[in-house]
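Visitor: Numbered by the UniProt record's numbering, the letters in the sequence shown go through residues 1 to 319 in order. Note that CB positions come from ideal geometry on N, CA and C, so glycine has one too.
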Amino acid sequence: MKPSTGGGAKGGAVDPSLPRFKCQECRRALVVVGVDSYADRLPAHAAPAMILLVLSSRLAYVEQPLCLECMRVLSDKMDKEIEDVNADIKAYEACLQRLEQEPYNILSETYFHKEKQKVTIAITYIEEEEKKLKAAIEEAEKQYSEVNSEMKDLEIKSKQFEELEEQYWHEFNSFQFQLTSHQEERDAVFAKIEVSQVHLELLKRTNVLNDAFYISHDGVIGTINSFRLGRLSNLEVEWDEINAAWGQAALLLHTMAQIDGDKVGSHTIVLSFNKNDNWTKALKYMLCNLKWVLYWFIGNTSFAPPAGSLHTQSPKNKS
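Given below as C-alpha cells:
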C-alpha cells in the first residue's frame, strides 16, 4: 500500500467500495495499489461482511497497515532490536557456559544445619537488637515528650517573666517620674530655704532701733527721724523741730535703758537687792568703760586743765 495522491486507476477515481486505511505512524490515508475493485472480485453478499470486518478491526484495535516510508523506518528499528536481542542471547550463553564450567559442591546436611543455626543466631541477635532499638526509640520518644512538656512549661514561664518584666519597667518608670518630681520639689524647697536664710541673716543684721530712730544728717546738721537738731546763722530751724529731735534722742536713750537696764557686763550697778560680788564687778566694768571714754576724749581733744584750777583745789584738799 502507498499513500493516496488524489488520483486512481481507470480515470483517476477511487472505488468507493474499497476500505479506507490510515498509516499507523503518520496517519495518512492509504489505498490498495494494483487492484481494480473489490466489487468485481467479491460476490454481492460479501460486501456487508467486509464492512463488518473493518468495523470489528477498529473496535478490536487491530493495527492497520503502514505506508512505505514508515515501513522502512519500522523495519530498521526492528532490525536494530533484533541485533540487540541476539547480543543479549550471546552474553547469556557465555555466562551459562562459565557457570557450567565452574566446580561446585553440594552442601552436606550437617553443614546446612550449622549454617542454618548461624543464620538463626544472627536473626535472633538482630531481633534482640531490634527490640533494644525499639526500646531506645520508645525511651527517646518518652524523653522527647518530657522535653516538649518542659519546653511548654518554660514558654509559659517565659511569658510570665516577660509580663513581670513589663510590669517592673512600668513601675520603674512611675518611680522614676515620682523621684524626679520629688527631686524638683526638694530643690524648690531648698531654694526657698536659701532665700529664707538670706532674709533671716538680713533680719538678724537689722536692728529695729535703727529703723525706729533713724539717725543721719542734713548737711552739717544732724537729724533723727528727719528732725534737725541744731541751727545755723544762715539757716533758721524752728525750735519745735529742735525740741522734737531732742525728744527722739531722749526716747532712744530711754528705750535702750529699758532694754538693757542698768547692767554693765551683765551685772547691775544698783546696790539694793544685789550681791556685793556682782555689784563690785558691775562697778569695775563701769570704770573700764569710763576709762575707754577717757582715752577717746584724750585722743580726740587737745585738753589741758588750767593751772589755777589745780592750785585752788590743793588748799581744799589740804583743808
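1. Out of curiosity, what's the CA-to-CA distance linking Tyr214 and Val195?
2. Could you spell out where the alpha helix (DSSP H) holding Phe172 opens and where it closes?
3. Pick from Leu229, Leu235, Ser233, Asn148: whose alpha carbon is nearest that of Ala250?
4. Three-state secondary structure (DSSP) at Thr301?
5. Are Phe227 and Glu241 touching if we call contact CB-CB under 7 Å?
6. According to DSSP, is Leu99 helix, strand or coil?
7. If Ile224 and Gln248 are in contact, beta carbons under 8 Å, what's the gap, nearest whole angstrom?
8. Here's a check: name, in chain order, each residue in its chain whose Cβ is nearer than 7 Å to the Cβ of Arg205, leaving out the five neighbours to either side.
9. Mind checking who Ser216 pairs with in its DSSP beta bridge?
10. Could you give the C-beta distance for Cys70 and Glu25, rounded to a whole number, given that I count them as a contact under 8 Å?
11. From the DSSP output, in three-state form, read off Arg228 for me.
12. Using CA coordinates, which residue listed in Leu209, Ile221, Leu68 is at the minimum distance from His254?
13. Just the Cα atoms here: how many angstroms apart are Trp279 and Leu287?
14. Since Ala29 sits in a beta bridge, which residues does DSSP pair it with?
15. Going straight from the alpha carbon of Cys23 to that of Gln97, what length do you get?
16. Work out the CA separation of Ala122 and His113 for me, nearest whole Å.
17. Does Ala87 pass the burial test, meaning 16 or more other C-beta atoms within 10 Å, or should it be called exposed?
18. DSSP three-state label for Leu235, please.
19. What do you get for residue 383, buried or exposed, if any count of 16 or more other CB atoms within 10 angstroms of its CB means buried?
20. Can you give the Cα-Cα distance for His170 and Leu154, rounded to whole angstroms?
21. Where does Cys70 sit, in a helix, a strand or coil, going by DSSP?
22. Could you check which residue in His217, Val147, Phe177, Arg27 has the C-alpha nearest to that of Leu68?
23. In whole angstroms, what separates the C-alpha of His199 from that of Leu164?
Guide: Reading it off the structure:
1. 27 Å
2. 109-205
3. Leu229
4. coil
5. yes
6. helix
7. 5 Å
8. none
9. Thr223
10. 4 Å
11. strand
12. Leu209
13. 12 Å
14. Lys22
15. 45 Å
16. 14 Å
17. exposed
18. coil
19. Outside the shown range of the chain, which is 1 to 319, sits residue 383, and nothing can be said about it.
20. 24 Å
21. helix
22. Arg27
23. 51 Å
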